[in-house]
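Student: One structure coming up, written as structure tokens, with questions to follow.
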Amino acid sequence: MQYPQRFSDLPEYAFPRLRALLAPLIPGGAELPMSIGEPMHPLPAMLGEVLAANVGGYAKYPPNEGLPELRAAQAAWIKQRYGVEKDPETEILPLNGTREGLFAACVALVAERKNGDRPVVLLPNPFYQCYAVAALTAGAEPVYVPALAQNGFLPDFASVPADLLARTAAVYMCSPANPQGAVADRAYWSALLDLAETHDFRIFADECYSEIWRETPPTGALEALGPHDPERLMVFHSLSKRSNLPGLRSGFCAGGARSIAAMKQLRSYAGAPLPIPAQKAATAIWSDEAHVEDNRALYREKFAIADEVLGNTPGYTSPEAGFFLWIAVRHDEEMTRRLWTEHGVKVLPGRYLSRNTDTRFGGGNPGAGYIRAALVAPADDVRRGLEAIRNEIERERQP
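Residue numbering for the sequence shown follows the UniProt record's numbering, starting at 1 and increasing by one per position.
Structure representation (structure tokens):
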């Protein structure tokens, strides 16, 4: 198949497509947004106090590499969460939201040529749309590797044809996965790191949903690094989901010292460090786990509601982590329209998060025939939305 060569070749972003799909239609009830993963739980209690105490920091340019105390807090969090030491001076870079870092990593670290040819960046499919634009910006060819039910919704990168692996410069991997909630275990990460060593590519591990889980904390890629070259792996974390703070724009990346140095150099020309008051707040929030545990308990309640309401519904898979449901339906766009016009419930058609796959991977769009529903609203609203989904799936399957 022909892969996109420039931005204009990419399909429109998912949410403008959803707006266009639903714009002519009238909602059939109180509007309930389940299409976007914007957390609605309480903010950390210390946020306002720390911001107010440091408001004078808005009068200063923030340091390019982030405040030392913020880097120290993020390194301490990695140690506490994963048991891995990272040097806050050379192996941590605070980010203005992880999207900045996920984009910049490709630009800073993907070479212009790989084995004499245009480099390849492998992406899970479905995927966070930033990955594809980052690959194109770096001059690479994005290749979409399907994450299918038969593989536990995790992409099988080892199945990529040898000619593409020879050109692969980087792999994006999201665990817990958006949208499926699947988790890569230590064996998966170890095998991917082995593959990276064999074919000389980097791994960009998007772990932004790592702190929303049901029973067991998801394994992090850093835990599997072992004897592998630390420059092979860069991990990305965020306060957006962990702490219900998408507007604070606080994340970080951790990787090898040379990789972080390249990221810092790119930011010095084209980046936007987080304002000092926000960095002070982030330092306090990365250092506190009590609010994270409270947040996780609220999501566990909604996981239980999902299992109760949808447990016997065809197409439902109970997620391991994250806060999305990835539900198989017969017609994802039609189901989205019906949920809106009959119930006022807004979900996202799965095909909007995916791309058509090369015939070497079986062809087709792996998101077609799924809807994504976010469990971010209050529990009673989530129950109403899930009951509407269940009713419409039962209706869809009637002869």
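A virtual CB, placed ideally from N, CA and C, is assigned to each residue, including glycine.
Taking C-beta to C-beta, are G37 and G181 nearer than 8 Å?
Tutor: For this step, residue 37 is matched to residue 37 along the sequence shown. For this step, residue 181 is matched to residue 181 along the sequence shown. Their beta carbons are not under 8 Å apart, which means G37 does not touch G181 by this criterion.
Student: Within 8 Å (strictly less), CB to CB, does E289 reach chain B?
Tutor: The question asks about chain B, but that chain is absent: this structure has only one protein chain.
Student: Is L25 buried or exposed, if buried means 16 or more other CB atoms sit within 10 Å of its CB?
Tutor: Start at 1 with the first residue of the sequence shown, and residue 25 comes out as number 25. When all chains shown are included, L25 counts as exposed.
Student: State buried or exposed for K241, treating a residue as buried only when at least 16 other CB atoms are found within 10 Å of its CB.
Tutor: One-based indexing of the sequence shown puts residue 241 at position 241. It is buried - the Cβ of K241 has at least 16 other Cβ atoms within 10 Å.
Student: Just tell me which of W213, A290, F153 has its CA closest to the CA of P366.
Tutor: Walking along the sequence shown from the start, residue 366 turns up at place 366. The shortest Cα separation from P366 among W213, A290, F153 belongs to F153.
Student: Could you say which of M173, L266, W213 lies nearest to A196 if we only look at CA atoms?
Tutor: One-based indexing of the sequence shown puts residue 196 at position 196. Ranking M173, L266, W213 by Cα distance to A196 puts M173 first.
Student: Three-state secondary structure (DSSP) at N244?
Tutor: Residue mapping note: residue 244 aligns to position 244 of the sequence shown, counting from 1. Three-state result, N244: coil.
Student: Pick out whichever of A140, L266, W286, A149 has its Cα sitting closest to the Cα of K79.
Tutor: Here residue 79 is taken as the residue at index 79 of the sequence shown, counted from 1. Among A140, L266, W286, A149, the Cα nearest to that of K79 belongs to W286.
Student: Please determine, among F15, P399, H228, the residue with the shortest C-alpha to C-alpha distance to D194.
Tutor: Translated into the one-based positions of the sequence shown, residue 194 becomes position 194. Here the closest residue by C-alpha is H228.
Student: Mind listing, in chain order, the continuous alpha helix (DSSP H) runs of no fewer than 4 residues lying wholly within the segment 229-316?
Tutor: List check, alpha helix (DSSP H) in window: 239-242, 257-270, 276-286, 290-310.
Student: Determine which residues share a DSSP beta bridge with L122 and list them.
Tutor: Counting from 1 along the sequence shown, the entry for residue 122 is found at position 122. Per DSSP, V143, V171.
Student: Identify every residue that forms a DSSP beta bridge with V345.
Tutor: Within the sequence shown, the letter at position 345 stands for residue 345. BP columns for V345 point to L32.
Student: Going by other Cβ atoms of all chains shown within 10 Å of its Cβ, with 16 needed for buried, is G311 buried or exposed?
Tutor: Numbered from its first residue, the sequence shown carries residue 311 at position 311. Its Cβ having fewer than 16 others within 10 Å, G311 is exposed.
Student: Taking only runs of the alpha helix (DSSP H) that begin and end inside the segment 44-94, which ones reach a length of at least 4 residues, in chain order?
Tutor: Whole alpha helix (DSSP H) segments, 4+ residues: 47-53, 68-82.
Student: Figure out for me which residue from R360, R383, L225, T283 has the closest Cα to the Cα of P88.
Tutor: Residue 88 sits at position 88 when you count from the first residue of the sequence shown. Of the candidates R360, R383, L225, T283, the one whose C-alpha sits nearest the C-alpha of P88 is T283.
Student: Can the beta-carbon of S238 be found closer than 8 Å to that of G97?
Tutor: On the sequence shown, position 238 is the one that residue 238 refers to. On the sequence shown, position 97 is the one that residue 97 refers to. Taking 8 Å as the Cβ cut-off, S238 and G97 qualify as a contacting pair.
Student: For A205, which residues of its own chain have a beta-carbon under 6 Å away from its beta-carbon, when the five flanking residues on both sides are left out?
Tutor: Start at 1 with the first residue of the sequence shown, and residue 205 comes out as number 205. M173, A221, V235, listed in sequence order.
Student: What is the rounded straight-line gap between the Cα of D332 and the Cα of E342?
Tutor: One-based indexing of the sequence shown puts residue 332 at position 332. One-based indexing of the sequence shown puts residue 342 at position 342. C-alpha separation (whole angstroms): 15 Å.
Student: For the segment 366-384 against the segment 34-49, are there 3 or more C-beta pairs whose distance is under 8 Å?
Tutor: Touching, yes.
Student: Leaving out five residues on either side along the sequence, give the residues of the same chain with a beta carbon under 7 Å from the beta carbon of Q279.
Tutor: Here residue 279 refers to the residue found at position 279 when the sequence shown is read from its first residue. Counting only Cβ-Cβ distances below 7 Å, and skipping sequence neighbours, we find P62, G66, L67, L70, P94.
Student: Skipping 5 residues on each side, what residues in its chain have a beta carbon closer than 7 Å to that of F252?
Tutor: For the purposes of this step, residue 252 is identified with residue 252 of the sequence shown, where counting begins at 1. Q74, I92, L93, P94, L95, H237, listed in sequence order.
Student: Using DSSP with H/G/I as helix, E/B as strand and the rest coil, what is D206?
Tutor: Numbered from its first residue, the sequence shown carries residue 206 at position 206. Here D206 sits in strand by DSSP.
Student: What do you get for E392, buried or exposed, if any count of 16 or more other CB atoms within 10 angstroms of its CB means buried?
Tutor: For the purposes of this step, residue 392 is identified with residue 392 of the sequence shown, where counting begins at 1. It is buried - the Cβ of E392 has at least 16 other Cβ atoms within 10 Å.
Student: Have a look at L47 and T313 and give me their C-alpha separation to the nearest angstrom.
Tutor: For this step, residue 47 is matched to residue 47 along the sequence shown. For this step, residue 313 is matched to residue 313 along the sequence shown. Approximately 41 Å between the Cα atoms of the pair.
Student: Taking 6 Å as the limit between beta carbons, can you name the residues of its chain near E31, skipping five residues before and five after?
Tutor: Within the sequence shown, residue 31 is the residue found at index 31, counting from 1. Same-chain partners within the cutoff: G344.
Student: Measure the alpha-carbon distance for S243 versus S175 and round it to whole angstroms.
Tutor: Position 243 of the sequence shown, counted from the first residue, corresponds to residue 243. Position 175 of the sequence shown, counted from the first residue, corresponds to residue 175. The alpha-carbon atoms of S243 and S175 are separated by roughly 18 Å.
Student: I need the DSSP call for Q2, collapsed to helix, strand or coil.
Tutor: Within the sequence shown, numbered from 1, the residue matching residue 2 stands at position 2. Summary for Q2: the model assigns pLDDT 47, below 50, so the residue's position carries little reliability, and this model does not support an answer.
Student: So T168 packs on F127, CB below 8 Å; how close in whole Å?
Tutor: Within the sequence shown, numbered from 1, the residue matching residue 168 stands at position 168. Within the sequence shown, numbered from 1, the residue matching residue 127 stands at position 127. The pair is not a contact, with the Cβ atoms about 16 Å apart (cut-off 8 Å).
Student: Pull up the distance between the alpha-carbon of V160 and that of L22, whole angstroms please.
Tutor: As a position in the sequence shown, residue 160 is number 160, starting the count at 1. As a position in the sequence shown, residue 22 is number 22, starting the count at 1. Computed Cα separation, rounded: 37 Å.
Student: Give me, in chain order, the residues of the same chain whose beta-carbon lies closer than 6 Å to that of D185; leave out the 5 immediate sequence neighbours on both sides.
Tutor: Stepping through the sequence shown from its first residue, residue 185 is reached at position 185. Correct list, in chain order: T219.
Student: What are the residues that DSSP puts in a beta bridge with D200?
Tutor: By 1-based counting over the sequence shown, the position of residue 200 is 200. None, per the DSSP bridge assignment.
Student: Using a Cβ-Cβ cutoff of less than 7 Å, which residues in the same chain neighbour Y13 once the five nearest sequence positions on both sides are dropped?
Tutor: As a first step, residue 13 must be located in the sequence shown, where it is residue number 13. Answer for Y13: Q129, listed in chain order.
Student: Determine the direct distance from the alpha carbon of L339 to that of G29, and round the result to whole angstroms.
Tutor: Numbered from its first residue, the sequence shown carries residue 29 at position 29. Numbered from its first residue, the sequence shown carries residue 339 at position 339. One C-alpha to the other measures close to 10 Å.
Student: For Y370, which three-state DSSP category applies?
Tutor: Start at 1 with the first residue of the sequence shown, and residue 370 comes out as number 370. It is a strand residue.
Student: Taking the alpha carbon of S35 as the point to measure from, which residue in E141, E85, N178, A134 has its own alpha carbon closest?
Tutor: Locating residue 35 in the sequence shown gives position 35, where the first residue counts as 1. Answer by Cα proximity: N178.
Student: Quick check: what's the CA-CA separation for L51 versus A45?
Tutor: Against the sequence shown, residue 51 aligns to sequence position 51. Against the sequence shown, residue 45 aligns to sequence position 45. Going by the C-alpha atoms only, they are around 11 Å apart.
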